[in-house]
Structures are given as structure tokens and as C-alpha cells.
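Below: one structure, written as C-alpha cells.
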Amino acid sequence: MAVFSDLGLSPRILETLEKMGFTTPTPIQEQAIPKLISKAQDFIGLAQTGTGKTAAFGLPLLELIDPDLKQIQGLILAPTRELTQQIAEQMAAFARDVKLHVDVVYGGTPIYPQIKRIKSKIPQILVATPGRLIDLAERKAIRLDHTAYVVLDEADEMLNMGFRDELDKILSFTPKEKLTWLFSATMPSGIKALTKKYMEHPCEVKVSSGVTVNANIEHQYTVLKKADKPEALRRFIDVNPELYGVVFCRTKVDTQHLSDALIVKGYKVEAIHGDLSQSQRDIVMKRFKKGHLQALIATDVAARGIDVKDLTHVIHYDLPDGTEYYTHRSGRTARAGQTGISLAFVGRNEQKKIKGFAGALKIEFKKMEVPDLEDVMGLKVTTLTNDLLRKDVSQLYTPTLRSIAEEILADTSATEVLAAYLSRELEQSQYEREARDLNDHRSDQNSDRGKNGNRKRGRSGEEGYHRFFINIGRTDKMEKGDLLRTICDVTNLIGNNIGAIRMFERHSVFDVDNRHSAGVAKAFEGALVNNRSMRVNRDDEGGNRKGGGNERRDFGKGKFKAGKKSGHKDKNGNKENLKPFAKKEKKKKKRKF
Numbered sequence: 046m047a048v049f050s051d052l053g054l055s056p057r058i059l060e061t062l063e064k065m066g067f068t069t070p071t072p073i074q075e076q077a078i079p080k081l082i083s084k085a086q087d088f089i090g091l092a093q094t095g096t097g098k099t100a101a102f103g104l105p106l107l108e109l110i111d112p113d114l115k116q117i118q119g120l121i122l123a124p125t126r127e128l129t130q131q132i133a134e135q136m137a138a139f140a141r142d143v144k145l146h147v148d149v150v151y152g153g154t155p156i157y158p159q160i161k162r163i164k165s166k167i168p169q170i171l172v173a174t175p176g177r178l179i180d181l182a183e184r185k186a187i188r189l190d191h192t193a194y195v196v197l198d199e200a201d202e203m204l205n206m207g208f209r210d211e212l213d214k215i216l217s218f219t220p221k222e223k224l225t226w227l228f229s230a231t232m233p234s235g236i237k238a239l240t241k242k243y244m245e246h247p248c249e250v251k252v253s254s255g256v257t258v259n260a261n262i263e264h265q266y267t268v269l270k271k272a273d274k275p276e277a278l279r280r281f282i283d284v285n286p287e288l289y290g291v292v293f294c295r296t297k298v299d300t301q302h303l304s305d306a307l308i309v310k311g312y313k314v315e316a317i318h319g320d321l322s323q324s325q326r327d328i329v330m331k332r333f334k335k336g337h338l339q340a341l342i343a344t345d346v347a348a349r350g351i352d353v354k355d356l357t358h359v360i361h362y363d364l365p366d367g368t369e370y371y372t373h374r375s376g377r378t379a380r381a382g383q384t385g386i387s388l389a390f391v392g393r394n395e396q397k398k399i400k401g402f403a404g405a406l407k408i409e410f411k412k413m414e415v416p417d418l419e420d421v422m423g424l425k426v427t428t429l430t431n432d433l434l435r436k437d438v439s440q441l442y443t444p445t446l447r448s449i450a451e452e453i454l455a456d457t458s459a460t461e462v463l464a465a466y467l468s469r470e471l472e473q474s475q476y477e478r479e480a481r482d483l484n485d486h487r488s489d490q491n492s493d494r495g496k497n498g499n500r501k502r503g504r505s506g507e508e509g510y511h512r513f514f515i516n517i518g519r520t521d522k523m524e525k526g527d528l529l530r531t532i533c534d535v536t537n538l539i540g541n542n543i544g545a546i547r548m549f550e551r552h553s554v555f556d557v558d559n560r561h562s563a564g565v566a567k568a569f570e571g572a573l574v575n576n577r578s579m580r581v582n583r584d585d586e587g588g589n590r591k592g593g594g595n596e597r598r599d600f601g602k603g604k605f606k607a608g609k610k611s612g613h614k615d616k617n618g619n620k621e622n623l624k625p626f627a628k629k630e631k632k633k634k635k636r637k638f
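Counting from 1 along the sequence shown, just add 45 to a position and that's the residue number in my numbering.
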């Protein structure tokens, strides 16, 4: 087994690592550090988050930077504010015994204090998010003409977040003879294109993803319908009162909707996503770390760089796209020798994905049932009753007040009083009265298949959903997220009530949980998007509903605006007939399914 002294590091760095308690390098550190120190070359390191990549590129930087040159020589780019902060803190700790200054800049906070700080003491190593770095460079607040090393950390996430143009611009600010070190969990086509453009014969090191799966994590999954996920999550939280964890959703819209729905029902949760300012994120994280929140509702990107101890659960409200993301998420629990639970909410057709994770990561998944409502209520009664027994009598409850209460309750037994108290508390939980079984017991292999083996699917979309047609498409310069926000704004539904959305050039179709679909089409009457009337109808109903009324609302990118109704015209100036589009879509579905 290798030790840090075998990797070519200087005595000062080795002494610092020993003081910090670092003795054995991780695989990516063992392979990357000697190559980066010994030879001037471009480098690609493929390894997951949490495998020690900061030390893998940070320690060689400290060895190679000239301490006498007071210019930015090492530039580290990362996708999120939390990750830049985490990297900067780690780098500063590594550099405490060498005469090098490390600083960090990121968006979401005022820029002028950062400008003043950097101008007063120029860092030799700068950690930055792409957007803020460009702002500083364009304001001439920093110079990158002495940059000898550029590190792209979590490069795949930077591309996923749309930073390709920003990376091109930043790299154009730096000298051509610089070295580029790229670290990433995956190697998608965008990363390959980046390496071909900016690297010359890079050295590549790849660390197997399977080595990072924590053996102390119990992997669980439960099969349920998408519309039942919010109530299922509540039940799991209620039967695990000590739960302290992170709930992962796919989009920031979903995180906010889910968080809002839980907060309304009294749960101590908060959403964390890219639309929050830095001060808002700091407040949320401070509350979470102090235990004032039971759970964070987060996206994968927003959770990067978050390191919180003692998490008991990671809940995959939406399944991740690949094994790397599943490992990243799950690895946030069961740290420092503790145990933890990774629970996945799985649709009937997603069970094969769970099997794929199990095979690729060499782990076992235990199938769980969504708790029965009676069990949830039983635990609540037990908890409330025990809390009541442990409650000390307040000094505010004076003998006079006690006599008033005793007089009122003279003809009432203690059992009846307790029943009334518990009933009130249970009603405040706002569960549906119908104790439905939320588990989807339908077989993944034998459900709703025709003779040719293809799954039957009606024109109204997935079972339990109604499909709607809307005359908004990609030509309206809207993405699925914009359309989802528009639908929620108009109908007052939440994202969890909306199923699949498919966008075409001139129209789209979207599914709505049939328990919430009544009145959806009517809600769009009189609404405008980008100054054009929105028309919505059930996709399995003939004709289109025309808007009525005088007041119009413009939902262009989610903004309301009063205006007059105007019929949409095509490029030739003719009024658009929406019925053929709806019928055409139906025919497509008949052929497909």
C-alpha cells in the first residue's frame, strides 16, 4: 500500500499532511500526484466526487507554483459556490506551511468586496465559478496572463449546467502555453470535445467507480405511482421521526414545489437549488447543519459541495440518470463508520434501472412497502402520548386556571379528553381520510401488454393521468421547465400533479393526474403566452376550447400581463387551426404504442 512519501511530495507538504492526519492516498491521489509533479503535461482524471480529487490536483499545484511571483498562477474552476468554498478551504489548509495565498470568488454575493480583497492581496491560486470569474476579468479586476495551470473540477457538471461558452471564454484569457488538468466523474461527448480543443496528448488516469460504494449503506426501493410520491414521502418521514437527510429531485422546479407542499403541512424542510442567492443558501445550510431542518430537498447540482455529518437517509425522490450519480447521492450518508439508508422511489417501469444499479455497483436492493396509514397514525399517537406524559406542568398553569379547566371537564373522563386532543393533532397532519395503499403491486413484466408484447397506452396518457393538448411549442422559445411553470401558474397545481410533457415545434402535450385534471382546460381560458392566446383541450376529447372573457393574462416565461386576445397566425398570415395538430398527435401515438 502506497503512502504520501512515495509520491514525490516535498518534506513541507508531507509534514502538513501528517499534521492533518492524512497517511494513505486514495487511488486517484496515488495515480495523479506523481504524474502531475514529475512532468509538465495536460491531464485527465476520471474519478467520482468524494474520492479525494482536491488533494490530487491541489498538492501538485502547491509544489509547482512560484511563491515569489505575486500573480495568479493556478486557476481552479468549479460549477457551484459550495464546491468552490470547499476546495478553497481545503487548499488553504494544505498551504498553511508554504508561502502561498489562496482565494475564492463566486456569484450570488456582492462583487465589490471580492474586487477589493483580490486587489489588496493577489492570490497565487484562485478558486472560482465561471460566471463570477468572467465578470472580474471583464472589469479588469484580475489578470490571468500569468496563469500556468488551469484545473477544471467536476467538468461534466459544468457542461451540464451550460458553462461551455464560459469555459471557452475563460480559457481564451489564459496563455496558450498553460497546462490544463481536467477532473470529471464521467466522460461525455462534450468533455471529449473540450479535451481535443484545449489539450495536447493528455495523460489520462481512470479510477473505477465501484470502489467508492459504502458498505454501511442499506439500499432500499419502493414501487409506487408518480402521483403518490408526495404522500409516500410524508409517510416515510412520519414513521422515521429521527430521519435527517437529503431528498433528491430532478429539477429545481420540482424541489421548490415539493418543499412548499411539505412546509404547508408542517414539515421542517427547505429546498436548495440554483435560484437561491448565496445568502439564502447560507441560511438554509446553517439551519440544516444545526438540526433545525429534518431534510433538504435538493437537485444533484445544488448538492455538490455540501458536506453534512450524521445523515441517516438519502431519498431518491426521482431516480438519477446513472450509477455515478446514484453513488454520489448515496455516499452522503453512512460516513465515518456510521450506517445509513438510501431509499429510491421507483415507478413500475423503472425497476429494471434499479437492477442495473445493483449489477453495476455490486450492491443489493431491499424492496420496501410504503407505510400503511394506520401504522403512520399509530406511531403518531404513540409519540404524542409519550410527549404528553413527559411534559412538565407549566408555571403559567396556575391553580385558578386549573380549577376553571376542572369545572369544564367535570363530566368528561380523562380518556375522552385524550381522544379529543389526539384527534385534533391527527387532523392537523392533513392526511387524506381514505387510507389508500400507495404501493404499486402491478407486475413490471405482465402489466397491460398486447399480443405483440408492447405496452398498451391510451390516448389520455399513462394510467391515472389525463393527457392535454396545448398550442405552445418550441417555436415559442420555451423549454419544458418554462412550460411546467406556466401550467402550474395558470392552474394552481404543483409539479407533482403534472406527468410527462412532450414538446413539438408548434404544440405540446402534457399529462395531469386525473384526480386534479378537472378544470385544467377551463383555467387556460383567456390566458396568453408571449401575447398569443393559449388553447388547451383534453387530448382524448374532440375540438379545442376557445378562451372567453375580457381580461387576458400573459404567461410568457411565467410573467402575467393584461392584454387583448389575438388569434395566432402562421407564417403566411393565416389563422392556425389547432384541431389537425391534435388529431395528428393521436395518430402518432396509435402507431407508436
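For every residue, glycine included, the Cβ atom is placed at its ideal position computed from N, Cα and C.
Histidine 373 carries a helical assignment under DSSP once its states are collapsed to helix, strand and coil. The beta strand (DSSP E) runs of length 3 or more contained entirely in the stretch 195 to 254 are, from start to end of the chain, 224 to 229 and 248 to 251. Here DSSP, grouped into helix, strand and coil, assigns aspartate 180 to helix.
Rounded to the nearest whole angstrom, the C-alpha separation of tyrosine 157 and aspartate 113 is 27 Å.
The Cβ atoms of glutamine 131 and glycine 103 lie no closer than 8 Å to each other. Around the beta carbon of lysine 274, 16 or more other beta carbons sit within 10 angstroms, so the residue counts as buried. The residue among Pro247, Ile262 and Ile282 with its C-alpha nearest the C-alpha of glycine 90 is Pro247.
Rounded to whole angstroms, the separation of the alpha carbons of threonine 192 and lysine 407 is 43 Å. For serine 304, the uninterrupted alpha helix (DSSP H) segment begins and ends at 297 to 309. Beta-bridge pairing by DSSP links arginine 583 to Phe513. Of all alpha-carbon atoms in Ser562, Val535 and His552, the one lying nearest the alpha-carbon of glycine 544 is that of Ser562. Around the beta-carbon of histidine 373, 16 or more other beta-carbon atoms lie within 10 Å, marking it buried. The C-beta of threonine 520 has fewer than 16 other C-beta atoms within 10 Å across all chains shown, which makes the residue exposed. With distances taken between CA atoms, glycine 392 lies nearest to His486 out of Ala85, Ile236 and His486. The residues Phe333 and Lys334, in chain order, have a CB closer than 7 Å to that of valine 353 in the same chain once the five nearest residues on each side in sequence are set aside.
Taking a cut-off of 8 Å for Cβ pairs, the stretch 355 to 363 and the stretch 284 to 304 touch, as three or more such pairs fall below it. In the structure shown, the three-state DSSP call for leucine 341 is strand. In the DSSP secondary-structure assignment, glutamine 265 is bridged to Leu388 and Lys411. Where arginine 547 is concerned, there is no enclosing alpha helix (DSSP H), although the beta strand (DSSP E) around it starts and stops at 543 to 548. Here the alpha carbons of tyrosine 266 and isoleucine 282 stand approximately 15 Å from one another. DSSP, read as helix, strand or coil, puts arginine 435 in helix. For alanine 572, the uninterrupted beta strand (DSSP E) segment begins and ends at 572 to 574.
The beta-carbon distance between valine 574 and threonine 531, rounded to whole angstroms, is 7 Å. This is short enough to meet the 8 Å contact definition. DSSP places alanine 316 in the uninterrupted beta strand (DSSP E) bounded by 314 to 317.
With 16 or more other Cβ atoms inside 10 Å of its own Cβ, alanine 272 counts as buried. Straight-line measurement puts the Cα of alanine 568 at about 23 Å from the Cα of valine 309. Under the 8 Å Cβ criterion, the stretch 341 to 349 counts as touching the stretch 362 to 380, having at least three qualifying pairs.
Take the alpha-carbon of serine 234 and the one of lysine 242: they are about 12 Å apart. Taking the C-beta atoms as reference points, alanine 92 is found nearer than 8 Å to phenylalanine 228. For serine 553, the enclosing beta strand (DSSP E) begins and ends at 553 to 558. Using a Cβ distance threshold of 8 Å, valine 196 and threonine 96 do not count as a contacting pair. Across the structure, asparagine 582 and glutamine 325 are spaced so that their CA atoms are roughly 40 Å apart. Counting other Cβ atoms within 10 Å of its Cβ, threonine 430 stays below 16 and is therefore classed as exposed. Restricting attention to beta strand (DSSP E) runs no shorter than 3 residues, the stretch 89 to 141 encloses them at 119 to 122, ordered along the chain.
A Cβ-Cβ separation of about 4 Å places aspartate 556 in contact with tyrosine 510 under the 8 Å criterion. Taking C-alpha positions only, serine 322 is separated from isoleucine 328 by approximately 10 Å.
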